[in-house]
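Protein sequence lines, in the order shown, are assigned to chains Z and P.
Just so you know, the first sequence maps onto residues 1 to 207 in the numbering used here.
Just so you know, the second sequence maps onto residues 1001 to 1207 in the numbering used here.
Number of protein chains: 2
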Amino acid sequence: MYIKPTIVAMDFEGVLIPEIWIAVAERTRIEKLRLTTRDISDYDALMKGRLEILKSNGLLLKDIQDTIARIDPLEGALEFLAWVRKETQAVILTDSFYEFVQPFLPKFGYPTIFCNSLKIDGTGAITGYRLRQKDGKKKAVSGFSQMGFRVIAMGDSYNDTTMLKEADLGILFRPSKKVVKDFPEFDVFFEYDGLKEHIGKCLRSAK
Amino acid sequence: MYIKPTIVAMDFEGVLIPEIWIAVAERTRIEKLRLTTRDISDYDALMKGRLEILKSNGLLLKDIQDTIARIDPLEGALEFLAWVRKETQAVILTDSFYEFVQPFLPKFGYPTIFCNSLKIDGTGAITGYRLRQKDGKKKAVSGFSQMGFRVIAMGDSYNDTTMLKEADLGILFRPSKKVVKDFPEFDVFFEYDGLKEHIGKCLRSAK
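Rendered as structure tokens:
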């Protein structure tokens, strides 16, 4: 029996760690940083607004990183990712930025993670951002497929659904009711234990 | 200044661990397992010969894995890979098999590694192998480029040169004199320290 090598491609925020901007909003007590794509659907407008808020509050990259460093991964997330990495290959695909996720990486044992990047000026202020490519999660999944892998993709929200569709198996983890309703084709899990069992079965079955 | 996110794609055997088949030949004292593509240029013929030898010696996958588990990584390799993973993203690209590299993975802290696979029968005997795809190393590098990454590729031998060419920066690590002569276009390093310095400089320079 030949089982195709498998990559588990997973979102970061909402799957392994809390939503970064919401946690930053709580810790800096800047309520306007709570806005997400649910409130402002244009991602570029949303990000520019966030960077304006940071600027007007005199917050540098270092300040945000210090805040992020105090955010804990979701309960059970370290064990879950460690399990996936023992069983098969894991790659984290996120729309967040290398500069933001950096404080989490030692906690997770330096997993492979594909992010976007921030633009930083000489004073350490965040002046902009750069997408590695448009629809990067979906294109990464497509790229792994073209490399001969079976891909299991996991995410929690709308911005994950294109990669879930692109994958051989798409899984929603802790999605909102609305996402579940809009995408009934994906398996849904709310706890890591059930998720592990599901992925484990998939890994042991040929395709 | 925008620095494109970088993936360091590196070969495994000869770069981080010794050549597996040679180490297995030494430990099993089966001299014929020492043959490499330098002796038999047809990889498929070479692999089929190796599997025949294992079969005629009654060696199962488990025996080979036990042998492999006693092979140490190259001196300094654990520290080198840990350094790369702290600095940027690292992916190991090898023509070897998941079933063979498995004993090394805990030692290296479960890095992301793209391999081929063996076919195993019900008795645990190795009955064949399956390439994930033809020229998998080069195609992985090409895939990462298409995902918007700058790719630094490192390898020691002829089977690495197509991925080194495909990458933004190709580096030969501990190559034979013949490889250096045939591929004068690549930087050459023999020690991890010089290699780290070179990669570090590259990571800090925009492209």
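Even for Gly, the Cβ is constructed at its ideal location relative to N, Cα and C.
*On the three-pair Cβ rule with 8 Å, is the segment 39-57 of chain Z touching the segment 162-175 of chain Z?*
no
*Do we get a CB-CB distance below 9 Å when we pair residue 1047 of chain P with the residues of chain Z?*
Taking the second sequence and counting its residues from 1, one reaches residue 1047 of chain P at position 47. Under the 9 Å criterion on CB atoms, residue 1047 of chain P is classed as non-interfacial with respect to chain Z.
*Neighbourhood of residue 139 of chain Z by C-beta distance below 7 Å, restricted to the same chain and skipping five residues each side*: Here residue 139 of chain Z is taken as the residue at index 139 of the first sequence, counted from 1. Around residue 139 of chain Z: 133.
*Is DSSP giving residue 129 of chain Z helix, strand or coil here?*
Residue numbering aside, residue 129 of chain Z sits at position 129 when the first sequence is read from its first letter. Residue 129 of chain Z falls in the strand class under three-state DSSP.
*How about residue 114 of chain Z and residue 94 of chain Z: are their beta carbons less than 9 Å apart?*
Taking the first residue of the first sequence as 1, we reach residue 114 of chain Z at position 114. Taking the first residue of the first sequence as 1, we reach residue 94 of chain Z at position 94. Residue 114 of chain Z is a Cβ neighbour of residue 94 of chain Z, given a cutoff of 9 Å.
*What does residue 117 of chain Z reach in chain P if we use C-beta pairs closer than 9 Å?*
What you label residue 117 of chain Z is simply residue 117 of the first sequence in a count that begins at 1. At a beta-carbon threshold of 9 Å, the residues of chain P lying near residue 117 of chain Z are 1002, 1003, 1004, 1005, ordered along the chain.
_Going by beta-carbon coordinates alone, are residue 152 of chain Z and residue 199 of chain Z separated by less than 9 Å?_
Reading the first sequence from its first residue, position 152 is the one you call residue 152 of chain Z. Reading the first sequence from its first residue, position 199 is the one you call residue 199 of chain Z. Taking 9 Å as the Cβ cut-off, residue 152 of chain Z and residue 199 of chain Z qualify as a contacting pair.
*Can you give me, in chain order, the residues of the segment 1098-1118 of chain P that have a beta carbon less than 9 Å from any beta carbon in chain Z?*
Residues of the segment 1098-1118 of chain P that bring their beta carbon within less than 9 Å of a beta carbon in chain Z comprise 1098, 1105, 1106, 1109, 1110, 1111, 1112, 1113, 1114, 1115, 1116, 1117, in sequence order.
*According to DSSP, is residue 44 of chain Z helix, strand or coil?*
Your numbering for residue 44 of chain Z matches position 44 in the first sequence. Note: residue 44 of chain Z maps to helix in three-state DSSP.
*Is the CB-CB distance between residue 33 of chain Z and residue 24 of chain Z below 9 Å?*
By 1-based counting over the first sequence, the position of residue 33 of chain Z is 33. By 1-based counting over the first sequence, the position of residue 24 of chain Z is 24. Contact flag set, yes.
*For residue 119 of chain Z, which residues from the same chain have a beta carbon less than 6 Å from its beta carbon, with the 5 sequence-adjacent residues on both sides left out?*
Within the first sequence, numbered from 1, the residue matching residue 119 of chain Z stands at position 119. Excluding sequence neighbours, residue 119 of chain Z sits near 127, 128.
*Simplified DSSP state of residue 1095 of chain P, which is helix, strand or coil*: One-based indexing of the second sequence puts residue 1095 of chain P at position 95. Residue 1095 of chain P falls in the strand class under three-state DSSP.
*Chain-ordered neighbours of residue 1179 of chain P on chain Z, where CB pairs are closer than 8 Å*: The sequence position of residue 1179 of chain P within the second sequence is 179, counting from 1. Against chain Z, the beta carbon of residue 1179 of chain P has no neighbour under 8 Å; the closest one sits roughly 25 Å away.
*chain P beta carbons: is any one of them nearer than 9 Å to that of residue 204 of chain Z?*
As a first step, residue 204 of chain Z must be located in the first sequence, where it is residue number 204. Among the CB atoms of chain P, none fall inside 9 Å of the CB of residue 204 of chain Z.
*Are at least three pairs of beta-carbons, each pair with one atom in the segment 1170-1181 of chain P and one in the segment 1143-1158 of chain P, less than 8 Å apart?*
yes
*Output yes or no for whether 9 Å exceeds the beta carbon distance between residue 97 of chain Z and residue 116 of chain Z.*
Here the question's residue 97 of chain Z lines up with position 97 in the first sequence. Here the question's residue 116 of chain Z lines up with position 116 in the first sequence. Contact: yes.
*Interfacial residues, the segment 1136-1150 of chain P to chain Z, with Cβ spacing under 8 Å*: 1136, 1139, 1140, 1143, 1144, 1146, 1147, 1148, 1149
*Outcome for residue 1011 of chain P when other beta-carbon atoms lying within 10 angstroms are tallied against a minimum of 16*: Position 11 of the second sequence, counted from the start, is the residue given in the question as residue 1011 of chain P. Flag for residue 1011 of chain P reads buried.
_Contact test: residue 139 of chain Z Cβ vs the ligand FAD heavy atom, cutoff 8 Å_ = As far as ligands go, the structure on display features none, and thus does not contain the ligand FAD.
_Once DSSP output is grouped into helix, strand and coil, what is the label at residue 1163 of chain P?_
The residue given as residue 1163 of chain P occupies position 163 in the second sequence. In the three-state reduction of the DSSP assignment, residue 1163 of chain P falls in the helix class.
_Alpha-carbon to alpha-carbon, residue 1146 of chain P and residue 57 of chain Z_ = Position 57 of the first sequence holds residue 57 of chain Z. Position 146 of the second sequence holds residue 1146 of chain P. Spanning the two alpha carbons is a distance of roughly 37 Å.
*asked:* Rounded to the nearest angstrom, what separates residue 69 of chain Z and residue 1029 of chain P at their Cα positions?
replied: Walking along the first sequence from the start, residue 69 of chain Z turns up at place 69. Walking along the second sequence from the start, residue 1029 of chain P turns up at place 29. Between residue 69 of chain Z and residue 1029 of chain P, the C-alpha separation is close to 52 Å.
*Report back the beta-carbon spacing between residue 1196 of chain P and residue 1080 of chain P to the nearest angstrom; my notes put them in contact at under 8 Å.*
Locating residue 1196 of chain P in the second sequence gives position 196, where the first residue counts as 1. Locating residue 1080 of chain P in the second sequence gives position 80, where the first residue counts as 1. 7 Å between Cβ atoms; contact.
*Quick one: is residue 1205 of chain P buried, meaning 16 or more other Cβ sit within 10 Å of its Cβ, or exposed?*
Position 205 of the second sequence, counted from the start, is the residue given in the question as residue 1205 of chain P. Its Cβ having fewer than 16 others within 10 Å, residue 1205 of chain P is exposed.
*Which chain Z residues are close to residue 1015 of chain P, counting only those with a beta carbon under 7 Å from its beta carbon?*
The residue you call residue 1015 of chain P lines up with position 15 of the second sequence. Annotation: residue 1015 of chain P has no Cβ neighbours in chain Z at a cutoff of 7 Å; minimum Cβ distance is about 17 Å.
*Mind pulling the chain P residues with CB within less than 9 Å of residue 24 of chain Z?*
Here residue 24 of chain Z is taken as the residue at index 24 of the first sequence, counted from 1. By Cβ distance, chain P contributes nothing, its closest Cβ being about 22 Å from residue 24 of chain Z, past 9 Å.
*What residue from P:1082, P:1167, P:1037, P:1062 has the CA that sits closest to residue 1007 of chain P's CA?*
Taking the second sequence and counting its residues from 1, one reaches residue 1007 of chain P at position 7. That would be P:1167, whose Cα lies nearest to the Cα of residue 1007 of chain P.
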